[in-house]
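Before any comments, here is the structure.
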Amino acid sequence: MSVDKEEEIIFGKGDLEADKGSQNDPMVIRMDIANFLVHKVLVDNGSSVDILFMDMLRKMEIEVTSLQPVSTPLVGFGGSEVIPLETIDLPVSIGTEPKRKTMMVKFFGSRYSFRI
Numbered sequence: 003m004s005v006d007k008e009e010e011i012i013f014g015k016g017d018l019e020a021d022k023g024s025q026n027d028p029m030v031i032r033m034d035i036a037n038f039l040v041h042k043v044l045v046d047n048g049s050s051v052d053i054l055f056m057d058m059l060r061k062m063e064i065e066v067t068s069l070q071p072v073s074t075p076l077v078g079f080g081g082s083e084v085i086p087l088e089t090i091d092l093p094v095s096i097g098t099e100p101k102r103k104t105m106m107v108k109f110f111g112s113r114y115s116f117r118i
C-alpha cells in the first residue's frame with residue numbers, strides 16, 4: 003500500500019462534545035483498526051510507538067499467531083529498555099468520506115492491561 007501526502011486531518015471546536023473538554027484534556031478519538039471501530043483511542047503526540055493491548059486484539063478477533071516477534075528493545079528517555087513482545091501491521095482508517103484516510107500502522111503488542 004502506498005501512502006501519498008494528502009490534506010491534513012484537523013480537529014476543531016465543532017468536534018468537541020457539548021460541555022466537555024478543555025485545553026488540558028487528552029485527545030481521544032474513534033478510528034477503524036482492521037475494520038473494527040475502536041471508540042476510545044488516545045492520541046499521544048509525544049509517543050514514539052503505537053501500542054495495542056492484547057485484550058483489544060481479542061475483541062477484534064485477531065489471532066495472536068498473526069503477531070511477529072521483536073528482538074530489539076525500545077529505549078526510553080531515562081535509558082530504560084523494554085523488549086516488546088510482538089508487532090503487527092494493521093490498516094487504520096480515520097475520518098469520513100470524502101476525506102477518509104487509510105494507512106498501515108505497525109502496532110507493538112502488550113500483554114499488560116494498563117501502563118503507568
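The numbering used here puts the first residue of the sequence shown at 3, with every later residue one more than the last. Where is the CB? At the ideal position from N, CA and C, for every residue including glycine. Quantities reported herein were computed from a predicted structural model and do not represent experimental measurements.
Asked: At the level of alpha carbons, what is the spacing between Thr104 and Glu88?; Found: 23 Å
Asked: How many Å lie between Pro75 and Glu10 at the Cα?; Found: 32 Å
Asked: If you measure between the beta carbons of Val94 and Met33, is that distance less than 7 Å?; Found: yes
Asked: Rounded to a whole number of angstroms, what is the C-alpha to C-alpha distance between Ser68 and Val40?; Found: 19 Å
Asked: May I ask which residues mark the beginning and end of the alpha helix (DSSP H) holding Met56?; Found: 56-61
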